[in-house]
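The numbering of the sequence shown is UniProt numbering, which starts it at 1 and goes up by one. Backbone N, C-alpha and C fix where the C-beta goes; we use that ideal spot for every residue, glycine too. As the structure is a prediction and not an experimental result, all values here were calculated from the model.
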Amino acid sequence: MSDTHRTATGNRAPAGPTTLVTNISHLTTNDPSHGTGPLGTLRDAALVIEGDRIAWIGESSRAPATDSHHDAGGCAVVPGFVDSHSHLLFAGDRTEEFNARMTGRPYSAGGIRTTVAATRAATDEELAATLDRHLAEMVRQGTTTTETKSGYGLTADDEARALRVAASRTDEVTYLGAHIVAPEYADDPDGYVALVTGPMLDACAPHARWIDAFCERGAFDGDRTRAVLEAGRAKGLTPRVHANQLGPGPGVRIAVDLAAASADHCTHLTDADVDALAQSATAPEPTVATLLPGCEFSTRSPYPDARRLLDAGATVALSTDCNPGSSFTSSMPFCIAVAVREMGMTPDEALWAATAGGAAALRRTDIGTLRPGARADLALLDAPSPVHLAYRPGVPLVTDVWQAGRHAWG
Ligand code: NIG
Ligand code: FE
């Protein structure tokens, strides 16, 4: 173990009080230079938090003096989960639709209209309260960064207010005016695309970092998807795409062509799609394959083949897709467990995908990895190792969460 970070603050002026977190039985850093194996694992470890950052990581016996001390109680510690795909700006729920599905009805994008009606009728305060409830639920399950999207307003005003609410809670905000064609434009999809790429984009772009489109039969075809993403890009938004969820289609190819940060779902892929994602992994602006197992679980659909993507060399992220229709879970541990048991991922691969993979899908280098200088986002697990996230599905193993250096839960 290198001793280069022997002091908590080096010669820099301290950025805030220092806290030593010690008695960590198993620490996953995702930084091989700070530990052994691909996940950079350290045993009997400690780390120092200074302000909102990690200042030092190493073996307990070498820990520097700090202002205060937190005993991790022998927990395993992992980077806070990065949930890079969710839809939390909504009102109402779709219990009836779920019930019907569980008696054999298939999932269809048409259910989105139910949520659009409820969301339009909700006040800003109600939208904010629902968002806060789900963000709090996520933190309790170890998620320290959440991306979230509009897409249930589908008018310029309703989309913009959803994004305003989101932007007051997270930096990772996505404009999804192209979720489905708004009901008012059912007979005029091109007119709706003109709205999404015109006045709606003007109203939404100031509040968002990303632009997304649902490229699918029943939503937006390849040409319309491309038009939406290119318009967003011209306004400074970076694309991400709902791609190949319900059937094969052009979504993944468009995502890679436009250097989107991620192609999400990736359930129905051709060999050419897999090759495109694999080649993109080493491109200057890679497209991450973001897999959303909660969606297949909740729609009783075949899971995406993570093994095929990983073996080809694609970068894979895992995320909840938390939304009231296709995947009403906020739990990254649940997604890890399903990905390991149903999608051919090893526990190490799934943990990486839920942390560093999510960070890659958001093009962030300050999260998803624990190393000096990274944001101090930690999830403490009541388990001897993070393999238990998959080994003990449904068990609330997250006991303590630190977000940007602050004790957020536990
Ligand atoms: O990612 N696929 C499109 N959007 C969501 C589902 C939205 C809904 O059913 O309300 C998804 O699965
Ligand atoms: Fe989604």
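When secondary structure is reduced to three states using DSSP, Pro189 falls in the helix class. For the region 107–187, the full-length beta strand (DSSP E) segments reaching 3 residues or more read 143–146, 173–178 along the chain. Within the region 323–403, the runs of alpha helix (DSSP H) at least 4 residues long that lie entirely inside it are, in chain order, 332–342, 347–352, 358–361, 388–391. Listed in chain order, the alpha helix (DSSP H) runs fully inside the region 227–277 are 251–257, counting runs of at least 4 residues. Nearest Cα to Thr41 within the set Leu389, Asp377, Thr369, Asp124: Thr369.
Taken atom to atom, the span from the alpha-carbon of Pro286 to that of Ala122 is near 37 Å. Here Phe81 carries a strand assignment [DSSP, helix/strand/coil]. Comparing C-alpha distances from Met138 to each of His85, Ala63, Gly37 shows the shortest one belongs to His85. Selection Gly191, Glu216, His179, Lys235 evaluated against Ala203 yields Lys235 as nearest (Cα-Cα).
Ranked by how close their Cα comes to the Cα of Thr238, the residues Leu258, Pro250, Gly251 have Leu258 in first place.
Between the alpha carbons of Ile112 and Tyr152 lies a gap of roughly 7 Å.
Between the alpha carbons of Thr28 and Pro64 lies a gap of roughly 20 Å. In the structure shown, Ala72 falls within a coil segment according to DSSP collapsed to helix, strand and coil. Look at Gly313 here: in three-state DSSP terms it is coil, with no helix or strand label. Inclusion of His242 and Ala261 in the CB contact set at 9 Å is not warranted, their separation being larger than that value. Ranked by Cα distance from His179, the first of Leu195, Gly394, Asp31, Cys75 is Leu195. About 13 Å separates the CB atoms of Ala160 and Thr119; that is not less than 8 Å, and the two are not in contact.
Separation of Glu296 and Ser327 (C-alpha to C-alpha, rounded to the nearest whole angstrom) is 8 Å.
Under the DSSP assignment, Asn99 falls in the alpha helix (DSSP H) whose first and last residues are 95–102.
Put simply, the backbone Cα of Ala383 is about 6 Å away from that of Cys75.
Around the C-beta of Val193, 16 or more other C-beta atoms lie within 10 Å, and the residue is accordingly described as buried.
Between the alpha carbons of Thr267 and Leu292 lies a distance of about 9 Å.
Following the DSSP letters along the chain, one finds Glu296 in no beta strand (DSSP E) but inside the alpha helix (DSSP H) bounded by residues 293–299. Look at the beta carbons and you see the region 306–321 touching the region 333–350: at least three pairs across the two are nearer than 8 Å.
The residues His87, in chain order, have a CB closer than 6 Å to that of Asn323 in the same chain once the five nearest residues on each side in sequence are set aside. Here the region 183–193 makes no contact with the region 354–367; the two share fewer than three CB pairs at distances below 8 Å. Straight through space, the alpha carbons of Ala376 and Ile211 are spaced by roughly 28 Å. Just measuring C-alpha positions, the residue of Arg53, Ser33, Val228, Ala46 sitting nearest Gln403 is Arg53. Take the alpha-carbon of Gln245 and the one of Ala15: they are about 44 Å apart. Rounded to whole angstroms, the separation of the alpha carbons of Ala109 and Ala117 is 14 Å. Rounded to the nearest whole angstrom, the CA to CA distance from Met345 to Ala306 is 6 Å. Taking non-hydrogen atoms of the ligand FE into account, the C-beta of Asp264 is found less than 8 Å away from one of them. Taking C-beta separations shorter than 6 Å and ignoring five residues to either side along the sequence, the partners of Glu97 in its chain run Gly111, following chain order. Its Cα nearest to that of Gly249, the residue Asp223 stands out among Asp223, Ala227, Asp400, Pro199. Comparing alpha-carbon positions, the option among Thr66, Thr146, Ala263, Pro302 lying closest to Ser168 turns out to be Thr146.
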